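Okay, structure first, notes after.
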Amino acid sequence: MGSAFVYAAARTPFGRFNGALAGVRPDDLAATALRGALAKVPALDPAAIGDVVWGNANGAGEDNRNVGRMAVLLAGLPVSVPATTVNRLCGSSLDAAMMASRTIESGDADVVVAGGVESMTRAPWVLPKPSRAFPAGDVTAVSTTLGWRLVNPRMPKEWTVSLGEANERLRERYAISRERQDAFAARSHVLADAAWNAGFYDDLVVPVEGVDLARDEGIRPGSTPETLAGLKPVFRPDGTITAGNASPLNDGASAVVLGSAAAASRIGADPIARVAGRAASALEPHLFGYAPVAAADQALRRAGIGWDDVGAVELNEAFAVQSLVCVDAWKVDPEIVNTKGGAIALGHPLGASGGRVLGTLAHVLAERGERWGVAAICIGVGQGLAVVLENVSAS
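Take the sequence shown: its letters are residues 238 to 632, numbered as in the numbering used here.
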């Protein structure tokens, strides 16, 4: 089989919950990211795209009925370009990129665009249908913004605790202090602000039409461990997880153009990075924050390298505690992790985050001249994904 390569990546700025992107439909956000990625490779005839694979974690509102296909149509691509939507919750767009790379490696397509979208602001409330006609009592509208809902009563209670409570338990198991979490979170904001100021994101982030948002909305440049230490715990009175050391709710979209080596002339650009390995892992649902550990280890084995070879890591920061647990388990230098900030600062629109970490990793490798990098993400209900990239200019 041949190899799959990353040729281009783009994303929208990530908006805060009920923030600047609150008025933009998720399918329009998806179309924006898709157009933005294709604008990076203007020589590519969109009709040559073999498939579009799109991630989305909700699908209950305006992102219903295959939002990937909606993005293709709204972006003005030829109606002959097919598309599908996948849901692996927070890992959806990284899963989409993994699927796209397999499609290319198998020879089923030369060019595939992967991406994802989430509008957590516009996620709807849902009303389950009654089990019998004409019920006399009240009914409850359930929010679909985040986490467990409409839970099957057969599920063990331990598995269905809130995402925050699950991470408090992870913190207890691996003895991660509040001080380490706050320091990690402050670093995320400082590095994100510095990366924006240095122009790193200028080529990765595309504007959303009609919205005055030039950069990610959640970055707080003045964050310090001391200021974060003043925030109260959210999930337990005596807990350590706060609004400051966990990722916020966000809106946004991301896209990545992938292709075969032979597609370079058709795309009109040289590839940035090769997909060298990938893996999925799973464990007990409430330990989801630890799942990237096994996924990354397996992806590295499939790439034929080890952690000593890795020069850059993009790990989605769902919570500071789970990020620290993963970094500790991998025994990597923390200074190579999320050097341009992470989700605590940039934001975590669920279906878009995988595309963000993959696109960012490809550009970090190119900027720093490092050969190998890992993109990884934890996923609710106990899963993790990881992709190993090889910088083609350093190979």
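All C-beta atoms in this analysis are idealised placements derived from N, C-alpha and C, irrespective of residue type, glycine included. Please read these numbers as outputs of a predicted model, since none were measured by experiment.
Annotation for Ala423: Ser460, Thr461, Pro462, Leu465 place their beta carbon closer than 7 Å to its own, counting only its chain and skipping 5 residues before and after. For Trp609, the uninterrupted beta strand (DSSP E) run begins and ends at 609 to 616, by DSSP. Between the C-alpha atoms of Asp475 and Cys563 there is a straight-line separation of about 23 Å. A distance below 8 Å separates the beta carbons of Val443 and Thr269.
Looking from the CA of Cys615, the closest CA among Ala533, Asn575, Val601 belongs to Ala533.
Per DSSP, the continuous beta strand (DSSP E) segment holding Asp488 begins and ends at 487 to 496. For the set Trp385, Ser502, Asn389, Arg415, the Cα lying nearest the Cα of Val398 is the one of Trp385. Between Gly305 and Val318, the gap from beta carbon to beta carbon reaches 8 Å or more. Shown here, Asp546 sits in a helix according to DSSP, grouped into three states. Non-local beta-carbon contacts of Thr382 in its own chain, meaning distances under 7 Å to residues more than five positions away in sequence, involve Met357, Ala360, Leu486 in chain order.
A straight-line Cα-Cα distance of about 20 Å links Met336 and Ile504. Non-local beta-carbon contacts of Phe472 in its own chain, meaning distances under 6 Å to residues more than five positions away in sequence, involve Gly401, Glu402, Glu405, Ile478 in chain order.
Rounded to the nearest angstrom, the gap between the Cα atoms of Pro393 and Asn324 is 23 Å. Counting of Cβ neighbours within 10 angstroms places Met307 among the buried residues, the total reaching 16 or more. For Leu495 against Tyr244, the beta-carbon gap comes to about 7 Å, under 8 Å, which counts as contact.
In this structure, the alpha-carbon of Pro522 lies about 13 Å from that of Pro529. If you ignore the 5 residues before and after Val379, its C-beta comes within less than 7 Å of the C-beta of Trp362, Val363, Arg386, Leu387, all in its own chain and listed in chain order.
Following the DSSP letters along the chain, one finds Phe421 inside the alpha helix (DSSP H) bounded by residues 415 to 434. Exclusion of the five residues before and after Ser491 leaves Arg248, Ala270, Ser330, Gly352, Gly353, Ala589, Gly592, Arg593, Gly596 as the residues of its chain whose Cβ lies within less than 7 Å of its Cβ. Counting along the chain, the unbroken beta strand (DSSP E) around Gly621 starts and ends at 620 to 628. Taking every protein chain shown into account, the CB of Arg302 has fewer than 16 other CB atoms within 10 angstroms, so this residue is exposed. Each residue's CA atom was taken as its position, placing Ser632 and Arg608 some 6 Å apart. DSSP, read as helix, strand or coil, puts Trp385 in coil. Between Glu355 and Leu583, the C-beta spacing is not below 8 Å.
Gly273 is the residue among Val624, Gly273, Gly328, Val376 whose C-alpha sits nearest the C-alpha of Gly313. With distances taken between CA atoms, Tyr411 lies nearest to Ala557 out of Ala603, Ala623, Leu552, Ala557.
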